[in-house]
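FYI, the numbering for the sequence shown is 163 to 639, going by this note's numbering. Every residue gets a Cβ at the ideal spot worked out from N, C-alpha and C, and that includes glycine. Because the structure is a prediction, the values reported are computed rather than measured. Comments concern the structure below.
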Amino acid sequence: MTVKDPVNDFEFPEEWLQKAALPRDVLEERIRKGRALVLSDGTVLTRGYTTGTTAAAAVKAAVLSFFREPGSCITVPTPAGPIAEMKIESAAHGLAFVRKVMNDHESDITRGKLFGALAFDGGAAEKPSAGPGDLPEKLSGQLPESPGVLLSYVLPGELSDREPSLARDIFPSGIKADPSGSSPAPEGGQDLRTILVPERCVADVMADTAVTGKSDGLQGGRGGVRVRVFAGKGIGIIRKSGFETPVGEPAVNPRPRQQIRDGIIEALSEIGRQFSGSPGPGQQVSGSPGPGQQVSGFPDSGEINVILFIPEGEELSRMTLNEKIGIVGGISVLGTTGFVEPWNDHLGEMKDDIIRSSRKIVLTTGRQGMAYATMLFPDHDVVLVGSRISEGISAASSAEEIVVCGLPGLVLKWGNPDMMKDSGFATVVEMLDRDPGNRAIAKAFEMAVRKGRGARIVVIDRTGKVLLDSAENRSSV
């Protein structure tokens, strides 16, 4: 029976599996979940989950905890297919924390860090959008470079004693809750707090009756529930072009946004299955998770807002190049497969072994490059080497054909590490978008061809279109 890696579709040789120290059933289960990578000497490395997967887990846990206790673990789908499962650090009354799991990638600065989300009734007073002149006095002048949306919320009494620390965790530096709220608090609640968040949602989900089991809800008579997710503290904002996400939006890439939406739908489906009709707040229903546990009803407004935040995100961003490339205020929420690939020197040695034994080899810089290279070069072995292109070429010295295939950022900057110096652009993609005829592009490609020592150099964009190809002396930029 073959054992295949569900993340990259690699079939592990039986002799590798037999060398592993783990019991076979445990090893195969970890491989099936996408968490284990087996090396040629039997070493088992651990994959982690991306910031995107962890963010989706935090949001799903917060939405579940708005209604009832979600339990000790949370699951979310991943783009690669396997279901991610992680421990919930805490979750109650709409506030949830999960911790990004540890992994064997030596330079993953976010492993072990907390991700949080706060879900609250979206029916409180709100101004759909606001410029600096429209804000309450305590908020005026904040986030001057982009408009925002003003949300009002009431913390449940159970969380009121945590409000000062929550404010520090949730709101970006300089953004504070304004307790002047424009509407009275619901009976028994705390004073309204008005907060300013970036205008554009990270996710906006309309769950219909079929999902929630709720026949009414949204104002205007439409059935279902609407959930919106906004970026809070620790998530960067895009300030320059050249990224998958437009300028002014939170730095949350498309696939993590879809993971967040999928997680919300799962949460509402789980809650919907527990309702018989539409019980009111605190009503006990059949199918609830544990004895005596209560499940609250959907809010009368039919709307739930969620603020996603990373308490240490601002500090972590100072350890990255985010600010230099045009992402300010926090880290990026990323992930193509939902998993963080392990990397250490030993893994590099194993990949060198694979490259050395290959007759036709494609060295790729990332997951997208790997996917498109498989289609462009179906008769080649495809190996992901990241930024270690030169090492890969050296290892492939006996191959009949060597191809380097990847996105512009890594391939062209490998060719000329100084190509962005004094260019006026933050990223290679921005240069290609705004000034495709820039001489620095051609120069970097020429240098990459020389560094390749006979290897074919192919530069592709995010859609798989070939931009530059040394074999055909081809350029479409």
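What is the residue span of the alpha helix (DSSP H) that residue i lies within?
i, result
"Met581", "From DSSP, Met581 is part of no alpha helix (DSSP H); its letter is neither H nor E."
"Met537", "529-538"
"Met593", "590-596"
"Ile487", "484-487"
"Glu563", "No alpha helix (DSSP H) holds Glu563; the beta strand (DSSP E) holding it covers 563-568."
"Glu476", "475-479"
Quick check on the DSSP output: the beta strand (DSSP E) that includes residue i runs from which residue to which?
i, result
"Lys605", "Not the beta strand (DSSP E): Lys605 falls in the alpha helix (DSSP H), residues 601-613."
"Ser556", "Premise fails: Ser556 lies in the alpha helix (DSSP H), 551-557, not in any beta strand (DSSP E)."
"Gly278", "276-283"
"Thr237", "235-239"
"Thr499", "Here Thr499 belongs to no beta strand (DSSP E), and DSSP marks it neither H nor E."
"Glu465", "465-471"
"Lys395", "Unbroken run through Lys395: none, as it is neither H nor E."
"Glu251", "245-254"
"Lys522", "522-526"
"Asp640", "With the chain covering 163 to 639 only, the question about residue 640 has no answer from this structure."
"Val628", "628-631"
"Met368", "365-369"
"Val260", "257-261"
"Arg618", "618-622"
Whose C-beta lies closer than 6 Å to the C-beta of residue i among residues of the same chain, with five residues either side of it excluded?
i, result
"Arg318", "Per the sequence shown, residue 318 should be read as Pro rather than Arg. Once the five neighbours on either side are set aside, the close Cβ partners of Pro318 are His255."
"Leu546", "Thr526, Met532"
"Lys627", "none"
"Ser494", "Gly398, Ala413"
"Ser308", "Only weak support is given to the placement of Ser308: the predicted model assigns it a pLDDT of 48, under 50, and the value that follows is read from those uncertain coordinates. Only Gly410 meet the Cβ criterion."
"Arg384", "For Arg384, the predicted model reports a pLDDT of 46, less than 50, meaning its position is unreliable; a value from the coordinates is still stated below. Closer than 6 Å at the Cβ level, and outside the excluded window around Arg384, lies no residue."
"Val591", "Gly404"
"Asn484", "Gly398"
"Gly492", "Gly396, Ile397, Gly398, Gly475, Glu476, Ser479"
"Arg261", "Glu251, Leu276"
"Val389", "Val367, Ile426, Ile466"
"Val524", "Ala535, Phe539, His542, Val544, Val565, Cys567"
"Ser632", "Val611, Arg618, Ile619"
Can you tell which of the options has its C-alpha closest to the C-alpha of residue i?
i, options, result
"Val364", "Gly528, Glu190, Val544, Ala413", "Ala413"
"Gln530", "Ile472, Ile399, Ala242", "Ala242"
"Tyr534", "Cys567, Ala223, Val200", "Cys567"
"Arg618", "Ala558, Thr216, Phe587", "Ala558"
"Leu179", "Asn170, Lys166, Asp171", "Lys166"
"Ile469", "Ala217, Gly233, Gly204, Ala183", "Ala217"
"Arg273", "Ala279, Met264, Leu280, Ala281", "Met264"
"Met248", "Leu483, Lys395, Lys275", "Lys275"
"Ala183", "Ala198, Glu406, Asp595, Phe172", "Ala198"
"Ala610", "Asp623, Met582, Glu474, Val573", "Val573"
"Asn578", "Ser560, Asp203, Arg612", "Arg612"
"Leu226", "Leu538, Phe282, Ala633", "Phe282"
"Met581", "Leu569, Lys605, Asp595", "Lys605"
"Thr625", "Ile433, Arg521, Pro570", "Pro570"
"Gly548", "Pro540, Gly528, Thr536", "Gly528"
"Ser204", "Asp171, Ala220, Glu503, Pro185", "Contrary to the premise, residue 204 reads as Gly rather than Ser in this sequence. Of Asp171, Ala220, Glu503, Pro185, the residue nearest in Cα terms is Pro185."
"Lys195", "Ala219, Asp623, Val169", "Val169"
"Ala246", "Gly278, Ser431, Phe228, Arg192", "Arg192"
"Ser431", "Ser585, Met368, Arg324", "Met368"
"Ile517", "Phe539, Val544, Leu538, Tyr211", "Val544"
"Ile433", "Arg261, Ala224, Lys402", "Ala224"
"Phe259", "Lys402, Gly488, Ala219, Ile271", "Ala219"
"Met149", "Lys402, Val502, Leu538", "Nothing can be reported for residue 149: it is not among the residues displayed for the chain, which extend from 163 to 639."
"Ser585", "Asp623, Pro473, Ile487, Ala633", "Ile487"
"Pro473", "Phe539, Ala393, Asp541", "Ala393"
"Phe228", "Lys583, Arg330, Leu280", "Leu280"
"Pro244", "Met537, Glu320, Asp171", "Asp171"
Which residues in the same chain have their Cβ closer than 7 Å to the Cβ of residue i, if we skip the five residues on either side of it in sequence?
i, result
"Lys222", "Ile236, Val238, Gly425, Ile426, Glu428, Ala429"
"Ser463", "Asp283, Gly284, Gly285, Gln381"
"Pro504", "Leu199, Leu207, Thr208, Arg209, Asn265, Asp266, His267"
"Asp515", "Ser202"
"Val391", "Val221, Cys363, Val364, Ala365, Ile422, Val468, Leu470"
"Arg615", "Ile555"
"Gln455", "With a pLDDT of 42 at Gln455, under the threshold of 50, the modelled position of that residue is not reliable, and no figure is offered here."
Within its chain, find whatever has a CB closer than 8 Å to the CB of residue i; leave out the 5 residues flanking it on each side and keep chain order.
i, result
"Arg417", "Gly214, Pro241, Gly497, Thr498, Gly500"
"Glu173", "Thr164, Val165, Lys166, Asp167"
"Glu562", "Arg521, Lys522"
"Pro408", "Ile400"
"Met481", "Ile271"
"Ser327", "none"
For the ligand GTP, is there any heavy atom lying closer than 7 Å to the beta carbon of residue i?
i, result
"Leu630", "Although the ligand GTP was asked about, the structure shown includes no ligands whatsoever."
For residue i, decide whether its Cβ has a neighbour in chain D, counting only Cβ atoms nearer than 8 Å.
i, result
"Ala604", "Any reference to chain D falls outside this structure, which holds one protein chain only."
Worksheet item: How about the segment 545-553 and the segment 588-605: do they share at least three Cβ pairs that are nearer than 8 Å?
Response: Result no; under three Cβ-Cβ pairs closer than 8 Å.
Worksheet item: Of all the beta strand (DSSP E) runs that stay within the bounds of the segment 169-221, which reach a length of 3 or more residues?
Response: If we require 3 residues or more, the beta strand (DSSP E) runs fully inside the segment 169-221 come out as 198-200, 206-208.
Worksheet item: Are three or more beta carbon pairs between the segment 226-235 and the segment 167-177 nearer than 8 Å?
Response: No, they do not touch.
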